[in-house]
Structure formats: structure tokens, C-alpha cells
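Per our numbering, residue 3 is the first one in the sequence shown, and the count goes up by one each step. Take a look at the structure set out below.
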Amino acid sequence: MMFKLNLFTLVFVALFISCTSINTNSQTLDNQGNDDKYKGMNSNNKKEIAVFGAGCFWCVEAVFEELKGVHSVESGYTGGTVKNPSYNEICTGETGHAEVAKITYDPDIICYEVLLSVFFKTHDPTTLNSQGADRGTQYRSAIFYTTDTQKKIAQRIINELNVEKVYPNPIVTEVTQLGKYYQAEDYHQNYYKNNPNQGYCTYVIQPKMEKFRKVFKENLKK
Numbered sequence: 003m004m005f006k007l008n009l010f011t012l013v014f015v016a017l018f019i020s021c022t023s024i025n026t027n028s029q030t031l032d033n034q035g036n037d038d039k040y041k042g043m044n045s046n047n048k049k050e051i052a053v054f055g056a057g058c059f060w061c062v063e064a065v066f067e068e069l070k071g072v073h074s075v076e077s078g079y080t081g082g083t084v085k086n087p088s089y090n091e092i093c094t095g096e097t098g099h100a101e102v103a104k105i106t107y108d109p110d111i112i113c114y115e116v117l118l119s120v121f122f123k124t125h126d127p128t129t130l131n132s133q134g135a136d137r138g139t140q141y142r143s144a145i146f147y148t149t150d151t152q153k154k155i156a157q158r159i160i161n162e163l164n165v166e167k168v169y170p171n172p173i174v175t176e177v178t179q180l181g182k183y184y185q186a187e188d189y190h191q192n193y194y195k196n197n198p199n200q201g202y203c204t205y206v207i208q209p210k211m212e213k214f215r216k217v218f219k220e221n222l223k224k
């Protein structure tokens with residue numbers, strides 16, 4: 003992925019300095035029938051939800067699991083029209099779903115802005131419906147917001163990155179309200195941890211993890 007590292011770093015530093023947790027009084031939007039656990043906020047136990055699509059969910063899950071303040075990451079599907087889709091159906095690209103990671107995190111430890119910084123730094127948000135050799139609408143770059151605050155933050159950051167011309171091409175990341183979400187099959191969960199020697203993990207995920215760990219070393223779990 004080609005982009006101006008110095009400008010991205012400056013934008014990231016600005017985001018980090020201004021980083022604040024999502025206001026507990028912000029309006030939570032209806033998730034079209036989702037259970038409460040899929041909403042963006044839970045003031046009782048300081049847990050919030052972020053949902054990102056950035057290519058193969060094995061990669062996205064592996065990255066966000068290593069961040070301090072992240073309680074759990076789950077691979078799943080959202081953004082489509084078919085009920086209870088299977089992985090095989092998703093792979094046809096005909097259901098409209100994106101492969102996503104549902105991230106449960108503590109906003110007192112890591113805020114949404116930093117999660118977005120990791121999101122934008124670990125995939126190419128300028129390629130439409132593809133990441134590397136993975137091609138299809140299921141691999142699209144997407145932010146599925148759960149609150150109006152998340153929506154505004156995502157739109158602001160995208161605008162800043164475009165204005166600063168951090169990437170050689172405009173960002174095509176979709177910013178959409180989270181609709182019905184489906185957990186992916188069990189064998190997709192913790193895929194990188196459970197299959198470190200699998201070919202895709204070795205040649206695609208591992209190099210990405212090495213770069214991610216260098217850039218975000220201060221944000222990693224001990």
C-alpha cells in the first residue's frame with residue numbers, strides 16, 4: 003500500500019492527542035433489529051462496539067485482537083440482504099454482505115479515533131471492492147457505525163486524510179449504519195491464532211502483522 007507516511011503519522015498524532023471516548027450521552031442509532039449487544043455503547047461496563055470491513059476478516063481480526071483495551075474481536079458478516087448467510091454464499095459476492103470484524107473495546111483505554119487509525123493504516127482504503135488478491139464486494143473497505151458520534155468521527159477522519167492527500171487516490175471507504183449482523187462460522191474465529199502455518203496466514207497476514215506491530219507498538223497488549 004502506497005501513501006505518504008509522514009502525513010499519515012501527523013494525522014495520527016493529531017487524532018491521538020484529541021482522542022476522547024464517545025460521549026455516553028450521544029444518541030445510539032437503531033440497528034434494524036440487532037440485539038443490544040451490537041449497539042455501540044454500554045455505559046454499565048465500559049464496553050463499546052466498532053465494526054470494520056477491510057478485506058479478509060482473518061486479517062482484520064488478527065490485528066485488532068492485539069490492541070490494548072480491546073476485549074474481543076469476532077469475525078462476521080453485515081451489509082447484505084440475505085438472512086443467515088453462509089461463508090460459501092458470501093464468497094459469491096451476491097448477498098451484499100461484507101466480511102467484518104466486530105470489536106468490543108474499553109473506551110477508557112482505547113478510543114474510536116485510534117481504532118480508526120489502525121483501520122486505515124492496515125489496509126488500502128482507496129481500492130474499490132478489493133484488498134490485494136482478494137476481490138469482490140465482500141472485501142470492500144467499510145465502517146459500519148453504531149452511533150451518530152461514530153459516523154461523524156469516521157467522516158471527519160476520511161475528510162482529513164483526503165485533504166492531506168495521505169493516499170495517492172481518494173478514499174472509497176463506505177460509511178454505513180450497522181444493520182443486521184451475523185457471526186461467522188466457528189472455524190473463522192481466531193483464525194490466525196489457530197492456523198499460523200496455513201498459507202494465507204504465512205504469506206498475507208504475518209507480513210501485515212509485523213508492520214502493524216512496529217507502527218503501533220505502544221498500543222499493543224503486553
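We treat Cβ as the ideally placed atom computed from N, Cα and C, and that holds for glycine.
Excluding five sequence neighbours on each side, which residues of the same chain lie with their C-beta closer than 7 Å to the C-beta of residue i?
{"i": "Ile-173", "result": "Pro-127, Thr-128, Ile-160, Leu-163 and Asn-164"}
{"i": "Thr-94", "result": "none"}
{"i": "Glu-187", "result": "Tyr-89"}
For residue i and residue j, which I take to be in contact (beta-carbon distance under 8 Å), what is that distance rounded to the nearest angstrom?
{"i": "Gly-81", "j": "Thr-178", "result": "7 Å"}
{"i": "Tyr-193", "j": "Glu-63", "result": "7 Å"}
{"i": "Ile-105", "j": "Ile-155", "result": "The pair is not a contact, with the Cβ atoms about 15 Å apart (cut-off 8 Å)."}
{"i": "Gln-185", "j": "Gly-78", "result": "5 Å"}
{"i": "Ser-143", "j": "Gly-55", "result": "7 Å"}
{"i": "Asp-146", "j": "Leu-180", "result": "Checking the sequence shown, residue 146 turns out to be Phe, not Asp. About 4 Å separates the two Cβ atoms, so the contact holds."}
{"i": "Val-53", "j": "Thr-148", "result": "7 Å"}
Please return the same chain residues whose Cβ sits closer than 6 Å to the Cβ of residue i, not counting the five positions on each side in sequence.
{"i": "Cys-203", "result": "Tyr-194 and Asn-197"}
{"i": "Val-75", "result": "Glu-63, Phe-66, Glu-67, Ala-103 and Ile-105"}
{"i": "Asp-136", "result": "Gly-57 and Cys-58"}
{"i": "Phe-214", "result": "Val-65 and Thr-124"}
Taking DSSP's pairing of strands, which residues face residue i in a bridge?
{"i": "Val-72", "result": "Tyr-107"}
{"i": "Gly-55", "result": "Ala-144"}
{"i": "Asp-136", "result": "Gln-133"}
{"i": "Leu-222", "result": "Leu-69"}
{"i": "Glu-50", "result": "Tyr-107"}
Going by other Cβ atoms of all chains shown within 10 Å of its Cβ, with 16 needed for buried, is residue i buried or exposed?
{"i": "Lys-167", "result": "exposed"}
{"i": "Gln-140", "result": "buried"}
{"i": "Glu-101", "result": "buried"}
{"i": "Gln-208", "result": "exposed"}
{"i": "Asn-199", "result": "exposed"}
{"i": "Asn-86", "result": "exposed"}
{"i": "Gly-201", "result": "exposed"}
{"i": "Lys-224", "result": "exposed"}
{"i": "Lys-210", "result": "buried"}
Exercise. Looking at C-beta atoms only, is the number of pairs between the region 110–117 and the region 89–100 that lie closer than 8 Å three or more?
Worked result: no
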